[in-house]
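Shown next, in structure tokens, is the structure this report addresses.
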Amino acid sequence: MGASAAAVIIIRKEKDLVRHFRDAGALSAANAQSPAALGVHERLAWAILLRKKIIKEAAPGTFYLDDAAWEESRQQKRKLAMIVFFVVFAAAFAAAYTTINASRR
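Okay, so the sequence shown: first residue is 6 according to the numbering used here, each after it adds one.
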């Protein structure tokens, strides 16, 4: 499996975790729940969201989703994707331009 396929799987797992928190209403410390109550496992996507402070621990063993942090993370990912797209587009344009000019000589 390639790195891009792994990234897609992790993103899908993150979205699934977020859906579990939202469906359970665990969006604040007052409504925090255990992973078992949420029906989720503490695996890689969980660790990533916990490290990014998107999932926060309210009390030992209970967690909630910081929805604002999730949305900010999504915005950052979109910005990064746009930057990568434009860099790749610019490189392709430069390569095509160079090839066309080289063939004219």
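Note that CB positions come from ideal geometry on N, CA and C, so glycine has one too.
Please look up how many angstroms separate the CB atoms of Asn36 and Gly44, rounded, as I've assumed it's under 8 Å. Asn36 to Gly44, Cβ: 15 Å. No contact.
Based on Cα-Cα distance, which residue from Arg109, Phe98, Tyr102 and Ala86 lies nearest to Ser9? Restricting attention to Arg109, Phe98, Tyr102 and Ala86, the CA atom closest to the CA of Ser9 is found in Ala86.
What do you reckon, are the CB atoms on Trp75 and Ile59 nearer than 8 Å? Closer than 8 Å, so yes.
Is it buried or exposed, Asp71, if we count other Cβ atoms within 10 angstroms and call 16 or more buried? Buried, by the Cβ-count rule.
Can you name the residues that DSSP bridges to Thr67? Ala64
Alpha helix (DSSP H) containing Gln80: first to last residue? Asp72 to Arg109
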